[in-house]
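Chains as they are written, first to last, in the working numbering: chain A, 53 to 719; chain B, 5 to 151; chain C, 9 to 215.
We put the beta carbon where it would ideally sit given N, CA and C, even for glycine.
Bear in mind that the values here come from a model prediction, so they are computed numbers and not experimental data.
Shown next, in structure tokens, is the structure this report addresses.
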Amino acid sequence: MSEEILQFLPFKSFVNSSFWHKLAELKIDVLKLSDTPETVHGFYSSFQAKSHLLEVDYSAFNSEFTPPKNCFPVQGTIYNKNTIEEFKNCNKVDLVNLEGQKFIEDLKNGKVLKDPWLLFRFFILSFADLKCHKYYYWFGFPCPMSPTFTKNTNTISLKECEELSEDSVLEAFNGIPEKSFFVLTKTEGHWIGKALADYNGEPDVYFCFCDPVEVGLEQPSWLLRLYAYFLMKTYPALHSKSVKFLGLRFSSTSDISSSLIWNLVLPGDSKSPEEEIKFVGWETNQNCKMGPRIASMADSMDPAKLAENSVNLNLKLMKWRLLPDLNLDVIAQQKCLLFGAGTLGCGVARNLLSWGFKNITLVDSGKVSFSNPVRQSLYKHEDALSGKQMKATTAADRLKEINPSAVTKGYVMQIPMPGHAVGDSMRETITKDLETIEELVKNHDVIFLLTDSRESRWLPTMLGAFYKKIVINAALGFDSYLVMRHGSSRKENEASGETDYGDLKCVNGQNLACYFCNDVTAPGDSMKDRTLDQQCTVTRPGVSNIASSYAVELLVALLQHPLRENAPAYFQLTEKKVKTSVPEGILGIIPHSIRGMLCNYENILPAAMKFNQCVACSEKVLAEFGQTHFEFLFKAFESSKYLEDLTGISQYEDLENDIIECSDSDF
Amino acid sequence: MISIDSSYSYNKMKYTNRCDINSNLTHFMTSGQKKLQDKEPIKSDEACAIRVLYPTKVPVIVERYNNESDLPTLNKKKFLVPQEITMSQFLTIIKKRLEIGPTKALFLLINSRTLAPLSKTLAEIYGEHRNTDGFLYITYSSQEVFG
Amino acid sequence: MLTMTWEEFQKDCGELMHLSNEFDDGWELVSKGSDVGQVYLKKTEKVRENLEVAIDMEECLLEEPLDLSSEEPVQSDELITVEYHVVYSISYQVPMLFFRGYRSNGALISLEESWKLFNATIKSYTRQEMLSILTQMDHPHLFKPFLCLHPCKTAEILGQTSDSQNKLVTFLSVFGPYVHLKLSAKYGMYFNEPEAVQNIRRDTFSR
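Here it is in structure tokens:
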């Protein structure tokens with residue numbers, strides 16, 4: 053046990069967040085581009101020490117430094133570089149030697165003897181990336197490469213020490229002004245504390261220091277290494293002698309019985325004064341390798357990050373408290389493309405933000421007008437005033453103002469529509485628009501149809517089906533709304549039409565209808581037939597809010613389903629109560645469509661199969677687009693009759709004569 | 005257009021056994037719909053009569069949706085429709101009778117709750133959705149289009 | 009139900025500070041003004057936690073072969089600082105406990121990590137109940153998001169304690185342990201209420 057080499061616990065830096073806040077403030081207001089080394093202060097404590105820590109906080113830069121209660125001050129220097137390159141290229145060996153030399157100088161000129169707290173010093177090499185709120189830093193605790201120290205006898209605790217009582221040590225400790233390093237000597241049978249400067253080389257003393265190490269650990273902190281080196285340099289008389297060190301460690305009840313006593317043999321100073329002294333002391337990184345550490349302070353310093361974290365909070369609480377299986381990542385990853393930036397577009401976009409969607413793209417050709425702001429929640433009166441603000445781009449900007457971490461973009465563009473012929477002069481522009489729209493559909497995961505006419509929904513419906521996207525459609529009547537998910541075109545397995553599910557009917561997600569599946573008319577220029585008041589969207593204000601909320605909730609429920617858009621929908625044939633309940637995902641049922649009325653505050657949740665002659669999503673239409681691409685589109689734009697002919701819905705025989713019409717009075 | 009002599013059908017019905025009508029119905033439905041057998045027997049005399057008289061046609065009542073204001077009402081609302089035509093064809097007929105523009109979109113609801121799948125035939129729909137009174141109830145309503 | 013007036017809160021804060029100075033356990037009184045609610049208590053604790061330390065790839069890239077010092081073995085646990093604030097809630101008329109944790113590099117521990125951290129200390133039957141009030145709110149004086157125990161149930165829970173000479177001490181004794189905040193038993197002894205507090209700790213959430 054004796055003759056064992058004593059190991060020391062190196063200091064660990066502990067940076068309080070306020071230190072970085074202060075450094076950022078100083079860098080911007082005072083230091084600016086200066087990179088001259090600045091004096092800083094840190095502190096350590098041996099009261100209830102949790103680890104062998106050197107802490108720094110905002111007070112580090114104070115010219116008059118007062119350490120917190122029960123802590124001891126440490127002097128240091130910060131080398132804050134202006135660029136990451138300077139930080140990286142700084143010669144680390146030179147720097148620790150430079151700092152070490154300061155220590156040696158203070159030893160030589162007697163400063164340390166006078167102010168023993170100068171025994172321990174530190175330095176920080178740092179680079180503050182203020183833009184990214186990232187702080188690169190590397191702490192060093194310079195210490196000369198000294199000969200090894202061997203233990204003379206076993207280490208004992210103060211409790212086990214016969215000649216010292218805890219009370220006498222405490223009394224001495226309390227009586228001495230400089231408490232970090234001092235000497236205990238016996239005078240007339242009493243142990244008294246003495247400053248190092250007053251030590252005259254008498255034998256049988258205890259070299260005391262406050263050891264910032266957790267009670268229970270047998271090794272001393274690095275302070276002992278510095279202490280021993282200091283004694284070796286200052287008192288040649290102690291060379292090759294056995295020296296006792298008392299490391300004071302205070303428990304939570306200020307009890308010092310666990311303080312330790314090390315008995316070391318102080319080696320002789322083998323080096324000649326001229327010989328160059330090498331220094332060690334760079335701190336290891338989190339990974340315990342030699343390298344700097346990085347503090348990413350964006351979470352507490354970057355307003356955008358603060359906002360983002362707060363935004364996510366509600367979602368996370370939902371997950372943690374109520375829905376542990378809720379997959380928030382899948383939501384954050386979806387890219388949503390919104391056709392239409394009116395009442396529905398604004399409402400849907402805002403709800404998407406609330407649910408944590410990050411990528412939102414809007415397509416709209418309109419300008420913000422005076423009637424818009426009261427209903428369309430992303431616009432202001434001011435936007436209409438200029439008469440130049442486009443909805444799509446304004447909405448995209450507003451979304452970013454609401455949540456800076458959102459990735460949004462607005463495209464000002466007319467959606468080409470069936471039955472709206474394209475003149476030769478426009479052909480080039482429309483082709484370009486079509487390319488953009490097609491590209492947008494390809495690059496997004498979810499397509500929302502939120503435009504204010506039936507015909508403008510045709511192209512996105514068809515493209516959504518062709519590129520196998522999730523398509524959510526919301527449409528409004530005066531006091532009614534329709535929210536639906538289009539049938540999926542992602543073939544997963546051979547799916548039959550309707551199947552029985554207990555008392556219910558089940559329609560596979562691949563067989564669900566699209567918006568156009570329930571009519572036999574190709575979309576045409578419906579505006580032409582409308583009176584003026586019909587052309588301007590007349591709806592009860594509430595319906596768009598309800599519908600946009602449902603649209604987003606439906607999407608979220610769908611995304612949580614393992615089959616996503618292939619999730620089946622269920623319906624029941626009768627109004628009677630049935631035993632079978634609709635299978636639920638983690639957010640409840642996932643209907644195919646929601647049709648609601650404000651006049652009676654009722655919703656119905658119909659599910660219907662695809663129409664095999666649908667003008668937008670049937671095989672024939674998709675195949676034709678696949679083959680002739682834009683040529684097909686232009687034919688459809690030329691005349692909606694083309695789509696009716698293609699799908700065969702215009703070829704129904706005249707069945708009039710087979711229908712029998714009866715009056716109520718009949719029978 | 006065939007007009008019905010209502011008094012005739014009514015009288016005729018009186019001589020008909022209801023059980024027969026229902027078995028007749030089942031027979032007519034064998035082209036794919038077993039569901040009908042589970043259904044309760046037709047309770048209305050009127051529908052029974054029709055079923056007997058026109059075994060290949062289904063009685064349908066088409067009404068405008070309660071709150072519909074945009075679309076006109078139909079002059080007549082009771083129809084006997086050939087069972088083999090599809091819902092899409094039937095919708096074409098209704099649209100023609102409503103005399104609305106070709107671009108006006110509407111949708112059909114069965115029993116005010118189920119969306120009519122246009123690929124299905126009237127027979128299939130009738131088998132699944134007919135009311136206990138023997139009629140198939142269909143409402144029409146404008147498709148929501150605003151945004 | 010047990011609520012406290014702002015005056016009571018201030019009085020209890022004063023008493024607690026008086027004892028804290030005696031016990032030397034680091035409570036601080038922070039005053040932001042003279043209006044109702046503008047004084048709060050603050051304490052910082054170091055907590056050793058077994059947080060998963062994600063290896064920072066950028067840090068790895070910056071490592072240098074400085075053969076100068078012995079390297080330490082990797083430690084699985086990390087020391088974090090937790091800052092506790094006891095603030096008066098004007099709307100609920102009860103004390104509120106705000107807290108947040110920092111790593112040794114000064115970075116805030118993420119919400120997920122905090123949640124795990126405090127989740128782990130909330131054991132067994134009390135877990136669900138505590139989770140239902142653990143949330144994040146903006147600190148009323150620092151305007152920064154902090155984790156906190158929502159005050160909606162505080163009055164009810166405190167109401168189950170017997171008459172207390174210092175409601176604030178009772179509050180901290182009941183709620184503190186759930187968030188790593190241990191108030192020395194000396195406080196309870198001083199106010200002669202250890203039994204009441206122990207009972208409540210056992211019973212409150214078991215119903």
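In the structure shown, ILE136 (chain A) falls within a helical segment according to DSSP collapsed to helix, strand and coil. Rounded to whole angstroms, the separation of the alpha carbons of MET342 (chain A) and THR336 (chain A) is 5 Å. Residue nearest to LYS443 (chain A) within the set A:ASP485, A:CYS398 and A:GLU487 is A:CYS398 (criterion: CA-CA distance). Less than 9 Å divides the Cβ of ILE712 (chain A) from the Cβ of LEU84 (chain B). Here HIS73 (chain A) carries a helix assignment [DSSP, helix/strand/coil]. Residue ranges of uninterrupted beta strand (DSSP E) with 3 or more members, entirely inside the stretch 137 to 211 of chain A and ordered along the chain, are 173 to 181 and 186 to 196.
Taking 9 Å as the threshold, the shortest C-beta distance from PHE66 (chain A) to chain C falls below it. Under the Cβ criterion of 9 Å, ARG542 (chain A) is not counted among the residues facing chain C. If you check the CB distance, LYS368 (chain A) and LEU119 (chain C) come in under 9 Å.
PRO86 (chain B) carries a strand assignment under DSSP once its states are collapsed to helix, strand and coil. Only exposed fits ALA193 (chain C), as fewer than 16 other CB atoms lie within 10 angstroms of its CB. By a beta-carbon distance limit of 8 Å, ALA659 (chain A) contacts VAL559 (chain A). Their separation comes to about 5 Å. Listed along the chain, the chain C residues whose CB falls inside 9 Å of the CB of PHE71 (chain A) are GLY114. Contacts between PRO575 (chain A) and chain B, judged by CB atoms closer than 9 Å, involve THR107 and ALA109 in chain order. Between SER69 (chain A) and TYR110 (chain C), the CB-CB gap stays under 9 Å.
For SER146 (chain B), the uninterrupted beta strand (DSSP E) run begins and ends at 140 to 146, by DSSP. Annotated as proximal: PHE261 (chain A) and SER232 (chain A), with beta-carbon spacing under 9 Å. Under the three-state reduction of DSSP, GLN624 (chain A) is assigned to coil, being neither helix nor strand. Listed in chain order, the alpha helix (DSSP H) elements of length 4 or more contained wholly in the stretch 204 to 268 of chain A are 218 to 227. The count of Cβ pairs closer than 8 Å, one atom from the stretch 261 to 273 of chain A and one from the stretch 147 to 165 of chain A, stays below three, leaving the stretches out of contact. Shown here, TRP510 (chain A) sits in a helix according to DSSP, grouped into three states.
When secondary structure is reduced to three states using DSSP, MET145 (chain C) falls in the strand class. GLY128 (chain A) counts as buried, since at least 16 other C-beta atoms from the protein chains shown sit within 10 angstroms of its C-beta.
In this structure, TYR189 (chain A) keeps its C-beta atom at 9 Å or more from the C-beta atom of SER310 (chain A). Within the stretch 602 to 633 of chain A, the residues whose Cβ lies closer than 7 Å to any Cβ of chain B are, in chain order, PHE623, LEU625 and GLU627. In terms of Cα proximity to HIS158 (chain C), the closest of C:MET145, C:SER112 and C:PRO185 is C:MET145. No Cβ-Cβ contact shorter than 9 Å links PHE150 (chain B) with PRO63 (chain B). About 13 Å separates the CB atoms of ARG108 (chain C) and PHE151 (chain C); that is not less than 8 Å, and the two are not in contact. Nearest to LYS175 (chain C) by C-alpha distance, out of C:THR162, C:THR89 and C:THR143, is C:THR162. Identification of chain A residues near TRP123 (chain C) by a Cβ-Cβ cut-off of 7 Å yields TRP372, ordered along the chain. Among the residues facing chain A, LEU191 (chain C) is not included, as its CB has no counterpart in that chain under 9 Å away. Non-local C-beta neighbours of GLY640 (chain A) in its own chain, meaning closer than 8 Å and more than five positions away in sequence, comprise ALA609, ordered along the chain. The alpha-carbon of ARG450 (chain A) is positioned some 6 Å away from that of LEU430 (chain A).
Cβ neighbours of MET370 (chain A) within its own chain (closer than 7 Å, five residues either side excluded): LEU378. Minimum Cα-Cα distance from LEU511 (chain A) among the listed residues A:HIS681, A:THR413 and A:ASP476 corresponds to A:HIS681. Here GLU164 (chain C) really is in contact with MET9 (chain C); their C-beta atoms are around 6 Å apart, less than 8 Å.
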